[in-house]
Structure formats: structure tokens, C-alpha cells
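These protein sequence lines map, in sequence, to chains C and E. One point on numbering: in our numbering, the residue at position 292 of the first sequence is 301, and numbering is uninterrupted. One point on numbering: in our numbering, the residue at position 138 of the second sequence is 147, and numbering is uninterrupted.
Protein chains: 2
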Amino acid sequence: MFKFEILKKDKNSKARVGLATTSHGSFETPCFVPVATQASLKAISSEDAKLCGVDIIISNTYHLHLRPGEDLVAKMGGLHKFMNWDRPIMTDSGGFQVFSLGFGIEHGVGKIANIFPDETSAYLEKRKEWSSQAKLAKVTDDGVMFKSHIDGKMLELTPKISMQVQKKLGADIVLAFDECTSPLSDLKYTAMALKRTHNWAKICLSEKNNKQALYGIIQGGAFEDLRKESSEFINSLDFDGFAVGGSLGRSKADMLKVLDWTLPILNENKPRHLLGIGEFSDIFNIVNKGIDTFDCVMPTRLGRMGRGMTFKGHIDILKNIYSKDKRPIEEGCCCYACQNYSRAYLNHLFRTKELLGYRLLTMHNLYFINNLVAKIREAIKKGKYGRFWRF
Amino acid sequence: MFKFEILKKDKNSKARVGLATTSHGSFETPCFVPVATQASLKAISSEDAKLCGVDIIISNTYHLHLRPGEDLVAKMGGLHKFMNWDRPIMTDSGGFQVFSLGFGIEHGVGKIANIFPDETSAYLEKRKEWSSQAKLAKVTDDGVMFKSHIDGKMLELTPKISMQVQKKLGADIVLAFDECTSPLSDLKYTAMALKRTHNWAKICLSEKNNKQALYGIIQGGAFEDLRKESSEFINSLDFDGFAVGGSLGRSKADMLKVLDWTLPILNENKPRHLLGIGEFSDIFNIVNKGIDTFDCVMPTRLGRMGRGMTFKGHIDILKNIYSKDKRPIEEGCCCYACQNYSRAYLNHLFRTKELLGYRLLTMHNLYFINNLVAKIREAIKKGKYGRFWRF
Chain C
10 MFKFEILKKD KNSKARVGLA TTSHGSFETP CFVPVATQAS LKAISSEDAK LCGVDIIISN
70 TYHLHLRPGE DLVAKMGGLH KFMNWDRPIM TDSGGFQVFS LGFGIEHGVG KIANIFPDET
130 SAYLEKRKEW SSQAKLAKVT DDGVMFKSHI DGKMLELTPK ISMQVQKKLG ADIVLAFDEC
190 TSPLSDLKYT AMALKRTHNW AKICLSEKNN KQALYGIIQG GAFEDLRKES SEFINSLDFD
250 GFAVGGSLGR SKADMLKVLD WTLPILNENK PRHLLGIGEF SDIFNIVNKG IDTFDCVMPT
310 RLGRMGRGMT FKGHIDILKN IYSKDKRPIE EGCCCYACQN YSRAYLNHLF RTKELLGYRL
370 LTMHNLYFIN NLVAKIREAI KKGKYGRFWR F
Chain E
10 MFKFEILKKD KNSKARVGLA TTSHGSFETP CFVPVATQAS LKAISSEDAK LCGVDIIISN
70 TYHLHLRPGE DLVAKMGGLH KFMNWDRPIM TDSGGFQVFS LGFGIEHGVG KIANIFPDET
130 SAYLEKRKEW SSQAKLAKVT DDGVMFKSHI DGKMLELTPK ISMQVQKKLG ADIVLAFDEC
190 TSPLSDLKYT AMALKRTHNW AKICLSEKNN KQALYGIIQG GAFEDLRKES SEFINSLDFD
250 GFAVGGSLGR SKADMLKVLD WTLPILNENK PRHLLGIGEF SDIFNIVNKG IDTFDCVMPT
310 RLGRMGRGMT FKGHIDILKN IYSKDKRPIE EGCCCYACQN YSRAYLNHLF RTKELLGYRL
370 LTMHNLYFIN NLVAKIREAI KKGKYGRFWR F
């Protein structure tokens with residue numbers, strides 16, 4: 010069960026407020042989607058996430074396929090029950106993670122850090138080892154053979170397998186399996202990869218079930234013709250929504266250009282997700298282009314690094330000036346951390362590496378970003394967005 | 010402000026139910042006191058602790074003196090405000106931690122692990138380095154000179170300094186500064202150390218303020234004569250309560266013998282705390298002897314190690330059998346973790362090292378032990394303790 014309706018459009022931009030309805034409830038868009046890579050938002054619980062205003066989360070097919078495995082999750086009643094989250098869930102297709110193991114390593118680019126939950130020394134060690142080796146993934150027209158980053162076992166992901174895994178995980182919104190190219194891939198390779206992605210899109214659609222919404226993924230790197238071709242093709246198929254994926258160029262300006270090539274071609278009545286983007290500075294720009302949902306590890310990762318998000322930028326809570334600061338992370342903030350704890354206490358927790366600190370800053374950052382996006386929705390609804398976003 | 014009254018005594022043992030009242034509220038005894046070493050219960054927040062039935066916590070003068078320093082805590086409004094805990098707090102005197110740096114290292118005994126919040130590799134490294142060095146603390150009749158485990162700086166703790174630090178921290182119950190001897194100390198050394206502890210007890214009393222209850226500490230190692238002498242002496246002074254500290258021998262049986270020598274001598278209308286003891290198997294035995302409060306890192310430390318406490322013993326949540334187990338850690342348990350999450354999910358969180366796991370098992374263990382102690386209180390009140398504790 011999936012429905013999407015547009016409640017209000019902004020006059021001065023392509024921003025819009027939508028309402029998506031799934032069998033695990035509704036959420037309004039624009040909406041930030043935090044990343045529960047391994048069926049957990051790391052330092053916080055499902056109940057904490059609700060306190061932070063989280064409406065929908067995204068989990069990783071690649072990670073959950075490896076651990077604990079989709080069969081176990083299915084046996085436990087699906088992802089919602091397994092992690093005690095009764096609101097909507099998206100799962101990605103695993104394409105991006107497999108890319109990280111392939112070209113991500115070969116080209117030394119991409120969000121390869123996503124492979125490991127944290128930038129641990131174990132990860133840095135492995136990365137060094139891998140960079141000097143052959144890449145860990147091999148793409149063919151059928152799918153991808155790759156080496157597990159956990160035990161080195163050879164595994165296969167194909168459009169069909171990805172869909173089967175995602176079906177067992179049981180998310181409300183699933184993504185088509187795609188080949189995510191590198192920013193360093195040339196036109197020729199990117200065009201070939203796009204052909205595969207389009208073929209795989211059709212296979213994924215043929216595997217679609219009635220319970221899950223399926224979004225098609227638009228690829229094409231930073232090449233205008235390919236992005237337009239991909240938008241036309243994916244738009245022509247019977248997907249429930251769209252996700253813009255892959256390399257978005259080498260700068261924020263490139264990313265916005267990609268959105269300009271892509272979004273106007275898509276059926277405006279279907280929701281559009283932007284994969285892996287959502288830093289503070291991106292939000293207004295992507296909402297203005299007509300993006301409805303977007304996921305990013307930043308708020309949670311920054312929280313674990315001791316960075317608190319504020320309207321004046323990040324603060325590094327470990328700095329000495331905060332050790333005597335009685336104020337909350339951000340004055341006036343209604344989050345659990347700001348309502349109960351001072352910067353001085355958080356500084357102490359991070360200095361002494363007490364686990365509570367990671368949770369508190371994660372909660373603040375998620376609340377901060379959800380609160381911001383809620384204000385954006387309100388402003389659009391009231392026809393006041395134009396003035397609001399230029400604050 | 011401090012008051013202690015005995016509400017009910019058991020007929021078949023020396024167990025009793027008491028009510029302690031401080032300016033941060035009352036708590037009934039017997040009562041388990043979890044250890045918030047560095048002004049934090051590590052993986053859980055103050056609000057979590059309340060959900061787990063925690064009535065009172067104990068923090069460490071040694072650790073807080075080093076980081077963030079008592080002056081900073083005082084400037085932040087005291088320990089209660091700093092860590093957002095509005096219920097009673099105890100602080101220890103720092104004697105035990107200084108012992109760990111001295112004889113603890115020289116003799117390779119004692120709870121030296123307490124020096125570091127966790128058994129990190131950094132700690133194990135340091136311990137190795139230190140063991141081969143001279144001990145880091147030097148005891149004189151005036152107090153202890155010691156090397157900070159953080160930066161190696163030479164620092165001093167005396168009865169007067171300890172009391173001043175504890176005053177600034179602002180706990181409701183503070184402990185006298187003592188010399189904690191090693192189980193390997195001989196009669197001669199232990200007797201000499203006891204003399205110091207008794208002199209220091211008088212100095213601490215002269216530094217007492219009206220806002221904080223001050224407990225005297227009974228030392229004397231595993232020597233009957235010394236323990237009895239110490240009990241007589243400390244009992245003769247105007248302390249608000251007693252704490253039994255130091256080496257309690259080499260076995261659980263030795264520990265109970267120490268309590269038999271000690272507790273009957275003490276004014277029964279004053280509360281008795283047992284320092285650093287409180288594993289599941291100890292609780293009935295020490296309550297039977299007339300102990301009112303006791304602190305122990307076990308429930309929180311076990312939680313971070315993936316051990317869940319149950320009435321049938323600990324379960325190691327990392328074991329493969331739990332990966333498919335839909336049940337909560339303990340069936341029928343009303344804790345936050347058991348009400349919301351399965352063993353299978355906890356197994357997944359610990360395998361993937363997601364931070365949420367540490368919090369959930371800590372909460373379960375604290376709830377488990379507080380719930381057990383609450384049942385003990387109920388049984389004593391109803392005159393049914395004799396039957397209850399032999400379950």
C-alpha cells in the first residue's frame with residue numbers, strides 16, 4: 010500500500026509539500042530520512058528517534074544481507090518488528106555499497122566509509138589493504154560479484170536477488186538495483202553502466218510486490234544527456250517514485266545541475282528521493298529543486314564525532330570554551346539533550362569518552378534537522394517559504 | 010540534611026528495611042547504588058536510570074578531581090545539576106582509587122581496572138607499563154602523593170583535600186578519606202595503615218558541613234582484631250553512617266566473616282554501606298548481615314560486555330543461540346529493553362557493535378538488580394523474607 014499526494018506547491022521555487030502514506034503510517038514531505046545502516050540508528054533507540062521527530066528511516070540491503078541476513082529478519086517478523094520501529098522504512102538496493110567495494114576503491118573516491126559503520130582503525134587498515142589490491146566487486150550485465158567486507162566470502166547481488174532480499178526485509182519503500190558509477194568514470198563507461206541500470210530497472214519492476222512501493226533510480230553521472238535519457242526512461246516505467254542516485258559531479262553546483270536536468274522530466278505526482286545528500290547547507294537547495302525526501306549519515310555521524318548542529322554552524326563540543334558553558338547545545342532548542350544537559354556536561358562526556366555523549370549529540374542533531382525541515386514544510390504550506398529559506 | 014530510620018527488621022536474619030532522607034529526596038534500604046564513576050552511568054542517561062528504578066548513585070572523587078575538576082562542577086551548580094540527576098548522590102573519598110595506583114599495582118591485586126573507565130587496550134598497555142615501574146602512589150601520615158593516570162602529573166590527596174573536593178561536588182552522602190590496604194598487606198602494615206585511617210577519620214569529621222552526611226570507613230583488612238578495633242573506634246565518632254571498605258579477604262566467605270566481626274559493633278540506628286560489592290550472588294548474603302546500601306560496577310559493566318542478568322544467571326547475548334531468539338532478555342521482565350527488544354536484535358547489535366546495545370543491556374541489568382532488591386524490601390516488610398531469599 011502506497012499513496013503520494015501533493016498538498017501544496019511553492020510559488021517561487023519547485024518546493025512542495027506532499028503526503029506519503031504507507032501501511033506503517035504517513036509522513037509529510039519534504040522529509041529527512043536518517044540512515045539506520047544495520048537496522049539501528051547507532052547511538053539511539055527507535056523511541057529516541059521518535060522523540061527527535063523522525064518519521065521514516067532508511068536501512069541498507071547490503072549490510073543486512075550480510076548481517077544478520079534477510080532470512081533471519083523475515084523470521085523475526087521483518088525489519089519493523091526486529092528493530093521495534095513501527096513507522097515507515099525504506100531500504101536501498103545495495104547498489105551503492107557494492108559500488109564502494111568496486112570503483113570506490115579503485116578510484117579512491119566515493120563514500121567508501123559507509124562500508125564500515127565507523128571510521129575505526131580496523132576500517133582504515135582494511136582500506137589501505139584493499140586500495141593496493143584488485144577491487145572487491147566485479148560488475149557484469151547480470152549483476153555484481155563482490156567480496157564481503159566482513160569475511161571475504163564471494164557473494165552475488167543481482168536485480169532479482171536485491172528485490173528478494175528487500176522483500177524479506179519488508180520495508181515500505183524499496184529501491185531498484187542499479188550500478189552506481191564513479192565521478193571518475195568516463196562517458197563511455199557511464200553510458201554502458203546506465204544501460205545495465207535500465208535493464209535492471211525492468212527486472213526489478215517484474216519482481217515488484219503489492220506490499221512495497223518501488224522507486225526507480227536515475228543514474229547517468231554528471232553527463233547531461235545521460236541524466237536526461239535516464240529520467241525519460243525511468244519515468245516511462247511503472248515505478249511508485251524516483252530516486253536520484255550515483256555520482257552527482259564534483260561540487261554542490263554540479264549536484265544542483267543534475268537535479269535541473271532530471272527532476273523536470275519526472276511525473277510530478279510521484280515522490281522524488283535524493284540518495285545520500287542532506288547536509289545543512291544542501292537542504293534548502295535540494296528542496297527548492299523539488300526533492301521530497303533525502304537521506305544522509307551526517308547528523309548521526311557528526312553527533313558521534315562530538316559535533317552539534319546549530320543555525321550558526323556546527324560546534325565542536327570538545328573545544329575548551331565549552332567546558333564551562335552552562336548553555337544547551339543550541340539555546341531555545343527543545344530536543345532531549347538541550348532540555349536536560351549543558352555544553353559543559355557534553356564536553357565532559359566526550360572528553361572522558363562516556364557513551365551517553367554519543368547518544369545525546371545524535372539526538373540533538375536529528376531533532377535539529379527534523380525541526381528545520383518541519384519549519385520548511387510549514388512555510389511552504391503558509392505560502393511563506395520564499396522569505397523563510399533566505400534567512 | 011540527613012535522616013535514617015529503620016522501618017522493619019527481619020526475624021531470622023539481620024536484614025532490615027530503612028528509610029534514608031536527604032535534601033534530594035528519600036530512598037528505602039536495602040538499596041543498590043550504581044557507580045557513575047565520572048558523573049555518568051556510561052551508556053545510560055539520568056532519565057534512563059530512573060526508568061531502571063535507580064534511587065541513588067555513587068561518583069568518584071578521584072576521577073572527578075582529575076576531570077572535569079571539582080571547581081568546574083561547583084561552578085555548574087554541583088554534581089546533581091551538572092549531570093541532571095535530582096535524586097541522592099554519594100561520593101567516595103578517592104582512597105580506593107589511590108590504593109589502586111599504589112599497592113594495587115605493586116601487589117598486582119585490587120580492582121585496579123576501576124582506574125580506567127573500561128578495559129581498553131590503552132589501559133592494558135598502561136597497566137603493563139606501570140607494573141614494571143615503581144608504584145604511582147606514596148602514602149604518608151598526612152595523605153597520599155600520586156601520579157595522575159591521565160597525564161602523569163603529581164597530585165596530593167589528604168583527608169582535608171578529599172573533604173574539600175567532596176564539598177564542592179556537593180553529594181548528599183560523602184565518605185571519609187581512608188587508606189585502603191591490599192589483601193597481601195601483612196598484619197603490621199595493615200595495623201599501621203589503620204592508625205592513619207583513624208586519624209584521618211577525625212580530620213574528616215572536623216571538616217564536616219551541615220549539608221552533607223558523612224560516613225566513617227571501617228578498615229582493618231581480613232584481620233579480626235583490627236576490624237573490631239576499627240568498628241569500635243569509628244562507631245565512637247559522630248559519623249552519620251558507616252562504610253565497610255578495603256580488603257575483605259580472599260573469598261566470599263572471608264567477606265562475610267569481616268561483616269560478622271564489624272556490623273554487630275556498630276550503632277544499629279545508623280546506615281551501613283558496603284563498598285564495591287554487589288554481584289547477584291552477594292546480595293542476599295550481605296543484606297542478611299545487615300548491610301543497607303552497596304555499590305558495584307557489575308550490572309553496568311556486564312551490560313557493556315553483552316551479558317544480561319537473569320534469575321538463572323548471566324546470558325552472553327553474543328552466543329549464536331540468541332541470534333534467532335524472539336524472547337526478551339528475561340521473560341516477564343518489565344524493563345525498557347525487555348519491553349521493546351528481542352534477544353535476536355540485541356545479538357545483532359552486539360555483533361555489529363552498534364552503540365544502542367550497550368545502553369539496552371545496561372538498562373536491563375540495572376532494572377533487574379533494582380527490582381530484585383525492591384522485592385527483598387517488600388519481603389522484609391511483609392515478614393516473609395526468610396522464605397523469599399532461599400528461592
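Where a beta carbon is used, it is the ideal one built from N, C-alpha and C, also for glycine. Bear in mind that the values here come from a model prediction, so they are computed numbers and not experimental data.
Please report the residue range of the alpha helix (DSSP H) in which Tyr-376 (chain E) lies. 365-390
Does DSSP classify Pro-126 (chain E) as helix, strand or coil? Its pLDDT being 44, under 50, Pro-126 (chain E) is placed unreliably by the model, and nothing is read from it.
DSSP state of Tyr-224 (chain E) mapped onto helix, strand, coil: strand
Measure the C-alpha to C-alpha separation of Glu-56 (chain E) and Thr-149 (chain C) and round it to an integer number of angstroms. 53 Å
Please report the residue range of the alpha helix (DSSP H) in which Gly-250 (chain E) lies. It is not in any alpha helix (DSSP H) - Gly-250 (chain E) instead sits in the beta strand (DSSP E) that spans 250-253.
Bridge partners for Ala-83 (chain E) per DSSP, in chain order? Here Ala-83 (chain E) is not bridged, per DSSP, to any residue.
DSSP has Thr-31 (chain E) in a bridge; who is on the other side? E:Phe-11, E:Gly-34
Members of the region 338-350 of chain C near chain E, C-beta cut-off 7 Å: Identification of residues in the region 338-350 of chain C having a C-beta nearer than 7 Å to some C-beta of chain E yields Asn-349, Tyr-350, given in sequence order.
Taking Met-99 (chain C) as part of the beta strand (DSSP E), name the residues at either end of that continuous run. 98-100
Give me the chain C residues within the contact set of Tyr-367 (chain E), using Cβ-Cβ distance strictly less than 9 Å, ordered along the chain. Leu-364
Taking the alpha-carbon of Ala-412 (chain C) as reference, which of C:Lys-298, C:Ile-274, C:Asp-234 has the nearest alpha-carbon? Shown here, chain C extends from 10 to 400; a query on residue 412 (chain C) therefore has no answer.
Quick check: the Cα distance between Lys-51 (chain C) and Lys-362 (chain E), rounded to an integer number of angstroms? Going from the Cα of Lys-51 (chain C) to the Cα of Lys-362 (chain E) covers about 9 Å.
Could you spell out where the alpha helix (DSSP H) holding Ile-159 (chain C) opens and where it closes? Element bounds for Ile-159 (chain C): n/a, residue is neither H nor E.
Bounding residues of the alpha helix (DSSP H) (the contiguous stretch that carries Thr-245 (chain E)): Per the sequence presented here, residue 245 (chain E) reads as Ser, with Thr not at that position. That run of the alpha helix (DSSP H) goes 233-245.
Please report whether the beta-carbon of Ala-52 (chain E) lies at a distance below 7 Å from any beta-carbon of chain C. yes
Could you tell me whether the Cβ atoms of Ile-274 (chain C) and Glu-238 (chain C) are closer together than 7 Å? No, these two residues do not count as a Cβ contact at 7 Å.
If contacts are defined as beta-carbon pairs under 8 Å, then Gly-250 (chain E) and His-282 (chain E) qualify, I think. What distance do you get, rounded to the angstrom? 7 Å
Would you call the region 54-70 of chain E in contact with the region 309-320 of chain C, where contact means no fewer than 3 C-beta pairs closer than 8 Å? The count of Cβ pairs closer than 8 Å, one atom from the region 54-70 of chain E and one from the region 309-320 of chain C, stays below three, leaving the stretches out of contact.
Excluding five sequence neighbours on each side, which residues of the same chain lie with their C-beta closer than 6 Å to the C-beta of Trp-209 (chain E)? Its chain contains Pro-168, Phe-186 as the residues whose beta carbon lies nearer than 6 Å to that of Trp-209 (chain E), once the 5 sequence neighbours on both sides are disregarded; these appear in chain order.
State the beta-bridge partners of Cys-305 (chain E) as determined by DSSP. Answer is E:Pro-43.
Does the structure place the region 178-192 of chain E close enough to the region 95-108 of chain E that three or more beta carbon pairs sit under 8 Å? The region 95-108 of chain E vs the region 178-192 of chain E: in contact.
Would you mind working out which of C:Met-99, C:Gly-27, C:Ile-15, C:Val-153 sits nearest Leu-223 (chain C), comparing C-alpha positions? C:Met-99
What residues are listed by DSSP as bridge partners for Ser-260 (chain E)? Per DSSP, none; premise fails for Ser-260 (chain E).
Contacts around Leu-196 (chain C), its chain only, beta-carbon distance under 7 Å, and the 5 residues preceding and following it disregarded: Phe-232
Cβ contact check for the region 15-35 of chain E and the region 339-351 of chain C: 3 or more pairs under 8 Å: no
As an exercise, report each continuous alpha helix (DSSP H) stretch of at least 4 residues that is fully enclosed by the region 161-215 of chain E, in chain order. Counting only runs of 4 or more residues that sit fully inside the region 161-215 of chain E, the alpha helix (DSSP H) segments are 168-178, 196-215, in chain order.
Looking at Asn-218 (chain C) and Lys-162 (chain C), is the spacing between their C-beta atoms short of 7 Å? no
Kindly indicate which residue of E:Leu-178, E:Asn-329, E:Asn-374 has the alpha-carbon position closest to the one of Tyr-354 (chain E). E:Asn-329
What does the Cβ neighbour count give for Gly-392 (chain C), buried or exposed, with the cut at 16 atoms within 10 Å? exposed
Let me check understanding here. Comparing Cα to Cα, which of E:Gly-317, E:Asp-334, E:Gly-179, E:Gly-152 lies closest to Leu-88 (chain E)? Shortest Cα-Cα distance from Leu-88 (chain E) to any of E:Gly-317, E:Asp-334, E:Gly-179, E:Gly-152 involves E:Gly-179.
Can you grab the Cα-Cα spacing for the pair Leu-166 (chain E) / Asp-19 (chain E), in whole Å? 41 Å
Residues in the region 90-102 of chain E with C-beta within 9 Å of chain C's C-beta atoms, listed in sequence order? Lys-90, Phe-91, Met-92, Asn-93
Hey, could you find the ends of the alpha helix (DSSP H) Asp-57 (chain E) is sitting in? 55-60
List the residues of chain C whose Cβ lies closer than 9 Å to the Cβ of Met-154 (chain E), in chain order. What Met-154 (chain E) touches in chain C: nothing, since even the nearest Cβ is about 24 Å away.
Is it buried or exposed, Ile-159 (chain E), if we count other Cβ atoms within 10 angstroms and call 16 or more buried? exposed
Does the CB of Arg-236 (chain E) have a neighbour CB from chain C at under 7 Å? Put simply, the CB of Arg-236 (chain E) is far from chain C, with every gap to its CB atoms at 7 Å or more.
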